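What follows is a set of notes on a single structure, which appears directly below.
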Amino acid sequence: MGILETCKSMIVEYALCDSCFGRQFASLDRGFGNKEKGRALKMLLNIHAQTMIQSDRKGALKLAKALAESGYEPSLVTLKKLRKKLEIVSKPCYICSGSMSRLSEFAATAASSLSGIECSTIAVGCRVPLEVEEKEDELKSRFKLKHGENIRYEVTREIGAQIEKLMGKKINKIQPDVTLIVSIPGGETEVNINPIFFKGKYRKLIGGIPQTRAPWHDGSGGSIEEIIGKPLLEQTKGESMKFHGAGREDADVRMTGRGRPFVIEIIRPKIRTVDLAGIQEKINREYDGRLQVLDLSKADKKDVSKVKIFGEKARKTYRALIKLDREMSEADLLQLESKLENITIYQRTPTRVLKRRGDKVRQKRLYKTDLKMVSPDTIEATFQCEGGLYIKELINGDAGRTRPSFSELAEREAQCIELEVTDIEECI
Ligand SMILES: [Zn+2]
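Residue numbers for the sequence shown follow my numbering, so the first one is -7 and each next one is one higher.
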């Protein structure tokens, strides 16, 4: 069947609006929109009907009537030529029931749903009832149509273009600030505000500050997550926040050197313009001598996986003060230092974190150790190791769960009495 015959059969059997008709030929003659194309096809069919008046009066009547019912008014003239006074009742579109003619209205509703939300990029999605897609599929298989596009593409493209015009916002499908989901046929809009991310590094100059909130949310506000995250949450008017650290240190452990990288994710922010320099300065002033925030800046989603991966892998340097149960000579210390160089440590999950983490054996590299005698039973150690190695257990051996350990190789009971992360390899 040629295209003219196909179109004729389609419009005689199904009432179709211009968009739904033209969309079945979307990939042909791409320079035109579906609506325009549908209208042009109807024009062609109406001309065809007029040429049929002499030869096939019945056929011409049938076609002109179907076109008029599908909303093509010039066909009324054709019917007049046929001297037929017919009561024409326009039929709703078989596929969209008229939704496609309401896209401007839907776009305006979607645009107004953004009031009070700051965003510069938007993506538009849509929800189409299964029934509508099934009807379109039925038409495609019935008439062997191979050049159509899915109704979703047209809805999202058209609404997106109108919102761009109405609001001066950019459509960005990859990383939009906001995603609008428009439902067909009613035009209801769901507003999905995408998270905003900030990154930076923190230095913890004293012990006693936990990295994240306690799971029971005691509200004391004393964690690093809350100290840095709360002002961001307030300024962005977000609903909640998530803290992603490049690893973590125990509350009693200091974190110095270049600082520990982190990303803070704010969920459903209404504001995206934040005075980061002001926030950083205020935190650093308020927590002077205790906590420092460095390089606070905007981030994106990729930085979350970066801090997660690097948090585990990044090379870390620790300074520890170790107390021995009996004295040690300088010569033994030198020997111990060489034994603690470039070795693999097999570490079962420490007893103290077993409740939170699964029991497994981790293999971590200890690259370099420097030992300094403070007094015959007190040693200052610097360990350079792979991220994820538990240092307190590296020192005390955790009753044989960490092997080899400082304690085992020193042949003495050893306890970590002070610990500080002095450097973390750069990752973001
Ligand atoms: Zn339609």
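No residue lacks a Cβ here, since even glycine has one placed at the ideal position from N, Cα and C.
Keep in mind that this is a model prediction, so the values were computed, not measured.
Check                                                                                                                                                              : Outcome
Just checking residue 87 against ligand 1 - is the residue's beta carbon closer than 7 Å to any of the ligand's heavy atoms?                                       : yes
Note the first and the last residue of the continuous beta strand (DSSP E) segment covering residue 184.                                                           : 181 to 185
If you draw a straight line from the alpha carbon of residue 301 to that of residue 381, how long is it in whole angstroms?                                        : 14 Å
Going by beta carbon distance, what residues of the same chain come within less than 8 Å of residue 265, once the five residues before and after it are set aside? : 110
Ligand 1 and residue 225: does any heavy atom of the ligand fall closer than 7 Å to the residue's C-beta?                                                          : no
Can you look up residue 424 in the DSSP assignment and give me helix, strand or coil?                                                                              : Outside the displayed range of the chain (-7 to 420) lies residue 424, so it cannot be described from this structure.
Can you have a look at residue 116 and say buried or exposed, based on whether 16 or more other CB atoms are within 10 angstroms of its CB?                        : buried
What three-state label does DSSP hand residue 8 in the structure shown?                                                                                            : coil
Mind checking which residues open and close the alpha helix (DSSP H) that includes residue 302?                                                                    : 293 to 305
Going by C-alpha distance, which of 342, 243, 32, 104 is nearest residue 156?                                                                                      : 104
To the nearest angstrom, how far is it from the Cα of residue 167 to the Cα of residue 180?                                                                        : 23 Å
Counting C-beta neighbours from all protein chains within 10 Å, is the total for residue 326 16 or more, i.e. buried, or is it exposed?                            : exposed
Taking only heavy atoms of ligand 1 into account, decide whether any of them is closer than 7 Å to the Cβ of residue 11.                                           : yes
Beta-carbon within less than 6 Å of residue 234's beta-carbon, same chain only, minus the 5 sequence neighbours each way: which residues are those?                : 257
Cα separation between residue 55 and residue 151?                                                                                                                  : 32 Å
Among the residues of its own chain, which have a CB less than 7 Å from the CB of residue 338, if the five just before and after it don't count?                   : 353, 355, 395
Please state the DSSP three-state secondary structure of residue 271.                                                                                              : helix
For residue 429, does the three-state DSSP call read helix, strand or coil?                                                                                        : Nothing can be reported for residue 429: it is not among the residues displayed for the chain, which extend from -7 to 420.
Based on DSSP bridge pairs, tell me the residues matched to residue 115.                                                                                           : 171
Can you tell me whether residue 421 is buried or exposed? The criterion is at least 16 other CB atoms within 10 Å of its CB, across all chains shown.              : With the chain covering -7 to 420 only, the question about residue 421 has no answer from this structure.
CB residue 251 to CB residue 286, shorter than 8 Å?                                                                                                                : yes
Note down the Cα distance separating residue 175 from residue 164, rounded to an integer number of angstroms.                                                      : 20 Å
Could you check if residue 8 belongs to the surroundings of ligand 3, using beta carbon to heavy atom distance under 7 Å?                                          : What this structure holds is ligand 1, not ligand 3.
What does the alpha-carbon distance come out to for the pair residue 384 and residue 370?                                                                          : 15 Å
Taking the alpha-carbon of residue 7 as reference, which of 81, -5, 21, -4 has the nearest alpha-carbon?                                                           : 81
Determine the closest residue to residue 197 out of 191, 160, 216, with distance taken between C-alpha atoms.                                                      : 216
My output table needs one value for residue -1: the three-state DSSP class, helix, strand or coil.                                                                 : helix
Quick one: is residue 230 buried, meaning 16 or more other Cβ sit within 10 Å of its Cβ, or exposed?                                                               : buried
Grouping DSSP H, G and I as helix and E and B as strand, with all else coil, what is residue 313?                                                                  : strand
Taking 7 Å as the limit between beta carbons, can you name the residues of its chain near residue 390, skipping five residues before and five after?               : 342, 343
Buried or exposed, going by whether 16 or more other CB atoms sit within 10 Å of the CB of residue 309?                                                            : buried
Please go through the region 387 to 418 and give each complete beta strand (DSSP E) segment of 3 or more residues, from N-terminal end onward.                     : 406 to 416
Can you look up residue 17 in the DSSP assignment and give me helix, strand or coil?                                                                               : coil
Tell me whether residue 92, by its Cβ, gets closer than 7 Å to a heavy atom of ligand 1.                                                                           : yes
Buried or exposed: which applies to residue 46, given that a residue is buried once 16 or more other Cβ atoms fall within 10 Å of its Cβ?                          : exposed
Of all Cβ atoms in chain D, is any one closer than 8 Å to the Cβ of residue 17?                                                                                    : Note that chain D does not occur in the displayed structure, where there is just one protein chain.
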